Each structure stands twice: as structure tokens, then as C-alpha cells.
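Under the numbering used here, the first residue of the sequence shown is numbered 58, with each subsequent residue one higher.
The beta carbon of each residue, even a glycine, is placed where N, CA and C say it ideally should be.
Just so you know, these numbers come straight off a predicted model, no measurement behind them.
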Amino acid sequence: MKKVSIEDLKAYNPPKHFEMRALKVHEKEAGPEPKYWMGMSHFLPGGGAEYGVVPMELVYFVLDGEITVKTKDETFKLKKWESIHIMPGESREVINETNLPATMLVIM
Numbered sequence: 058m059k060k061v062s063i064e065d066l067k068a069y070n071p072p073k074h075f076e077m078r079a080l081k082v083h084e085k086e087a088g089p090e091p092k093y094w095m096g097m098s099h100f101l102p103g104g105g106a107e108y109g110v111v112p113m114e115l116v117y118f119v120l121d122g123e124i125t126v127k128t129k130d131e132t133f134k135l136k137k138w139e140s141i142h143i144m145p146g147e148s149r150e151v152i153n154e155t156n157l158p159a160t161m162l163v164i165m
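Right, here's the structure in full:
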């Protein structure tokens, strides 16, 4: 068992992301049999992630604000307490289209 506090989180810069701050919450190395990784992303207005293929299974869970997730064919507006599941190989773009910051958990 491992407890993690907000003070313990380390910032990192995911590729193709902009106007945002990402923090590692739980890393694969945290346990003897790593099965997932979790981060917390804070997006400024206009911040996001460029359109691209997702290399592994993802869940985005919005903690505060609103995040727009766009695919080739669909647009999803995720509000507080809403989530989306993305399979490996799917393409997506993430953008905060509002004038307020947004925060979401990213689980891979």
C-alpha cells in the first residue's frame, strides 16, 4: 500500500501538450505488478493536447471545469465528474475551450 499526497506529486511535460501542467500521481513503478499509471492534468484556457493516436488505453475523468475531446468523427464535452474511455490506437485531441482552468485525472 502506498499513500500519495499532493505535496508528493512531481511535474512532467507530456509530448504534444500545451498550456497545461501535468503531475504524476501513481506511476507504474509504484507496485510489484504495475497495471496502470495515473496523472493529474491542469489545463489553462486554450490548453490541450494535439490530435494524435493514443498508444495505450486511457480514461479521462474531469475533476473541475470542462474539457473537449475530439475524434475524427465526434466531439465530446466532458464536465465535472464525467469521463471518457479511449482504446489503444484511437486518435483524439484534447482542448479546454472555456475561459476557466480545467483539471482531470488521466488513467492509463
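Own chain, CB closer than 7 Å to residue i, minus 5 neighbours either side, in chain order
i, result
"Lys136", "Val119 and Glu123"
"Arg78", "Ala68 and His99"
"Lys81", "Leu66, Lys67, Tyr69 and Gly96"
Reduced DSSP category for residue i - H, G, I as helix; E, B as strand; rest coil
i, result
"Asp130", "coil"
"Glu123", "strand"
"Glu84", "coil"
"Glu139", "coil"
"Glu254", "Given a span of 58 to 165 for the chain in the structure shown, any question on residue 254 remains unanswerable."
Neighbourhood of residue i by C-beta, 8 Å cutoff - its chain only, sequence neighbours within 5 removed
i, result
"Glu147", "Val110, Val111 and Thr128"
Where the beta strand (DSSP E) through residue i begins and ends
i, result
"Val151", "Ser148 to Ile152"
Cβ-Cβ distance between residue i and residue j below 7 Å
i, j, result
"His142", "Val126", "no"
"Tyr93", "Ile164", "yes"
Same chain, Cβ closer than 6 Å to residue i, neighbours up to 5 away in sequence not counted
i, result
"Glu154", "Thr125"
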